[in-house]
Amino acid sequence: NLVAINVKPETNMVDPGALQAPDGWTVIATAYDAGSPGVRLTLIGKHHSASDPAAVTVTWSVTSSYAAVSLAYSGVDATAPIQQATATAQPASSVTFPAGTITTSSPGWVITAAGHRSGGTWTMPDTPRAAAAVSSSVNVALSDTAAPVPAGAVTKSATSTAGTSVGVAAVLALQAGAPPPPGEAVEPRVAAGFTQQVLDSNFTSGLDPAWRMEPDGSTYGSSGGSVVVWSHANIQTGPAMTGDGQTLQLR
29 NLVAINVKPE
39 TNMVDPGALQ
49 APDGWTVIAT
59 AYDAGSPGVR
69 LTLIGKHHSA
79 SDPAAVTVTW
89 SVTSSYAAVS
99 LAYSGVDATA
109 PIQQATATAQ
119 PASSVTFPAG
129 TITTSSPGWV
139 ITAAGHRSGG
149 TWTMPDTPRA
159 AAAVSSSVNV
169 ALSDTAAPVP
179 AGAVTKSATS
189 TAGTSVGVAA
199 VLALQAGAPP
209 PPGEAVEPRV
219 AAGFTQQVLD
229 SNFTSGLDPA
239 WRMEPDGSTY
249 GSSGGSVVVW
259 SHANIQTGPA
269 MTGDGQTLQL
279 R
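So the number in my numbering is just where the residue sits in the sequence shown, counting from 1, plus 28.
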């Protein structure tokens with residue numbers, strides 16, 4: 029499971045700080061772009077297991093607006109799901125947001141994320157998967173290559189219809205798991221769907237626990253392993269909250 033969260037503090041020139049990821053979740057990449065206001069984009073991930081709790085909470089240090097989207101992938105290595113990742117703050121006012129360059133040692137799907145503090149829409153590289161925005165306040169978007177990319181250097185960038193000097197883009201490569209036995213195809217099973225509701229202005233996203241039991245009827249096999257998008261997020265966003273900090277609840 030992968031979640032991209034773009035946080036915009038309500039106080040100018042204040043970094044919301046590193047997100048406090050829940051147990052079992054890992055911060056894959058994060059970067060802060062200072063400004064009035066600035067934004068911090070963070071990607072967190074976790075290999076799904078049947079024993080996962082029904083809800084997890086992500087927090088940060090200051091009252092903020094935020095946008096968040098989530099994706100789920102199968103066929104990813106359970107121990108080391110990420111080959112390499114990086115996040116890059118916007119270097120200058122522009123409609124183009126460089127995500128940076130990563131170098132992979134084996135073929136793998138590549139995911140790009142981008143977010144900034146303004147309105148507009150994103151033109152993402154490759155296959156767009158999910159996007160969220162809070163009016164003209166803060167936004168985030170995700171895309172992936174929809175197939176393994178050959179090993180080597182990979183450079184990505186995203187383009188927004190609204191140019192700004194404050195934004196962050198990130199790129200990561202997934203590590204495929206072990207290939208199936210000879211002659212055995214990997215059957216993609218599509219998530220029953222993310223369900224969401226807003227609870228006390230917090231972001232809540234749910235994934236049906238029976239998602240692995242619902243095939244879409246298609247098959248996909250690869251001698252080099254496979255990575256399949258199970259589901260991408262329908263969008264929920266949250267306004268600023270009063271009090272200390274902000275909470276993003278994933279259920």
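Where is the CB? At the ideal position from N, CA and C, for every residue including glycine.
**Q.** With 16 other Cβ atoms within 10 Å as the buried cut-off, status of VAL226
**A.** Translated into the one-based positions of the sequence shown, residue 226 becomes position 198. Unreliable placement is indicated for VAL226, whose pLDDT of 25 sits below 50; no coordinate value is reported for it.
Q. Is it buried or exposed for GLY180, if we count other Cβ within 10 angstroms and need 16 for buried?
A. In the sequence shown, residue 180 corresponds to position 152, counting from 1. Exposed is the call here.
Q. Of the choices ASP51, ALA59, VAL42 and ALA190, whose alpha-carbon is the least far from that of ASN34?
A. On the sequence shown, residue 34 is found 6 positions in, with the first residue counted as 1. Closest option to ASN34, Cα to Cα, is ALA59.
**Q.** Nearest-angstrom Cα separation, counted from THR149 out to ALA161
**A.** As a position in the sequence shown, residue 161 is number 133, starting the count at 1. As a position in the sequence shown, residue 149 is number 121, starting the count at 1. Their backbone Cα atoms lie some 9 Å apart in a straight line.
Q | Beta-carbon contacts of GLY147 that lie in its chain and below 6 Å, excluding the five residues immediately before and after | A | For the purposes of this step, residue 147 is identified with residue 119 of the sequence shown, where counting begins at 1. These residues qualify, in order along the chain: SER164 and ALA190.
Q) CB-CB under 8 Å to GLU38, same chain, minus the five flanking residues each way: which ones, in chain order? A) Here residue 38 corresponds to residue number 10 of the sequence shown, with the count starting at 1. Only PRO65, VAL90, THR91, SER92, SER93 and ALA268 meet the Cβ criterion.
Q) Given ASP61, which residues of its chain have a CB within under 7 Å of its CB, disregarding the five upstream and five downstream residues? A) In the sequence shown, residue 61 corresponds to position 33, counting from 1. Contacts found: VAL67, ALA117, GLN118, VAL194, GLY195 and VAL196.
Q. Just to confirm, are PRO126 and SER188 a CB contact at a threshold of 8 Å?
A. Stepping through the sequence shown from its first residue, residue 126 is reached at position 98. Stepping through the sequence shown from its first residue, residue 188 is reached at position 160. No, the pair does not count as a contact, with Cβ atoms beyond the cut-off.
Q: Determine the contact status of ALA198 and LEU99, defining contact as a CB-CB distance below 8 Å.
A: Residue 198 sits at position 170 when you count from the first residue of the sequence shown. Residue 99 sits at position 71 when you count from the first residue of the sequence shown. Result no, Cβ atoms of ALA198 and LEU99 do not sit closer than 8 Å.
Q | Buried or exposed (CB count within 10 angstroms, at least 16 for buried), PRO201 | A | Here the question's residue 201 lines up with position 173 in the sequence shown. The question names Pro, yet the displayed sequence has Ala at residue 201. With 16 or more Cβ atoms within 10 Å of its Cβ, ALA201 is classed as buried.
Q) Should VAL123 go down as buried or exposed, given a rule of 16 or more other Cβ atoms within 10 Å for buried? A) As a first step, residue 123 is located in the sequence shown; it is residue number 95 there, counting from the start. Looking at its Cβ environment, which holds fewer than 16 other Cβ atoms inside 10 Å, VAL123 is exposed.
Q | Alpha-carbon to alpha-carbon, ALA169 and ALA120 | A | Here the question's residue 120 lines up with position 92 in the sequence shown. Here the question's residue 169 lines up with position 141 in the sequence shown. Rounded to the nearest angstrom, the two C-alpha atoms are 20 Å apart.
Q.
Tell me the residue span of the beta strand (DSSP E) that contains HIS76.
A. Here residue 76 corresponds to residue number 48 of the sequence shown, with the count starting at 1. Unbroken run through HIS76: none, as it is neither H nor E.
Q: Would you list, in sequence order, the uninterrupted alpha helix (DSSP H) runs of no fewer than 4 residues that lie entirely inside the region 85-127?
A: none
Q) So what does ALA158 bridge to, in DSSP terms? A) Stepping through the sequence shown from its first residue, residue 158 is reached at position 130. The partner list for ALA158 (beta bridge, DSSP) reads LEU170.
Q: Quick one: residues in its chain with C-beta nearer than 8 Å to the C-beta of VAL104, no 5 flanking neighbours on either side, listed in chain order?
A: By one-based count along the sequence shown, residue 104 stands at place 76. Answer for VAL104: HIS75, LEU202, GLN203, ALA204, GLY205 and VAL255, listed in chain order.
Q.
Using a Cβ-Cβ cutoff of less than 8 Å, which residues in the same chain neighbour SER113 once the five nearest sequence positions on both sides are dropped?
A. The residue you call residue 113 lines up with position 85 of the sequence shown. The residue you asked about is not Ser; residue 113 is Ala in the sequence shown. Result list for ALA113: ILE56, ALA57, LEU71, ILE130, ALA198, VAL199, LEU200 and ALA201, in chain order.
Q. Are ALA96 and ALA141 close, meaning C-beta to C-beta below 8 Å?
A. Stepping through the sequence shown from its first residue, residue 96 is reached at position 68. Stepping through the sequence shown from its first residue, residue 141 is reached at position 113. It is not a contact, given that the beta carbons lie outside the stated cut-off.
Q: Please go through the same chain and pick out, in chain order, the residues whose beta-carbon is closer than 6 Å to the beta-carbon of VAL177, but skip the five residues on each side of it.
A: Here the question's residue 177 lines up with position 149 in the sequence shown. So the list reads VAL138, once near-sequence residues are dropped.
Q: For PRO135, count neighbouring Cβ atoms within 10 angstroms of its own Cβ and tell me buried if that reaches 16, exposed if not.
A: Sequence index remark: in the sequence shown, residue 135 carries index 107 (1-based). With 16 or more neighbouring CB atoms inside 10 Å of its own CB, PRO135 falls in the buried class.
Q. Does the beta-carbon distance from ARG145 to THR192 come in below 8 Å?
A. For the purposes of this step, residue 145 is taken as the residue at position 117 of the sequence shown. For the purposes of this step, residue 192 is taken as the residue at position 164 of the sequence shown. Yes, the Cβ-Cβ distance between ARG145 and THR192 is below 8 Å.
Q) Bridge partners of LEU30, per DSSP? A) As a first step, residue 30 must be located in the sequence shown, where it is residue number 2. BP columns for LEU30 point to GLY73 and LEU99.
(Q) Can you check which of these residues, ARG157, MET41, ASN29 and PRO109, is closest to ALA78 by C-alpha distance? (A) As a working mapping, residue 78 is identified with position 50 in the sequence shown. Of the listed residues, the one whose Cα sits closest to ALA78 is ASN29.
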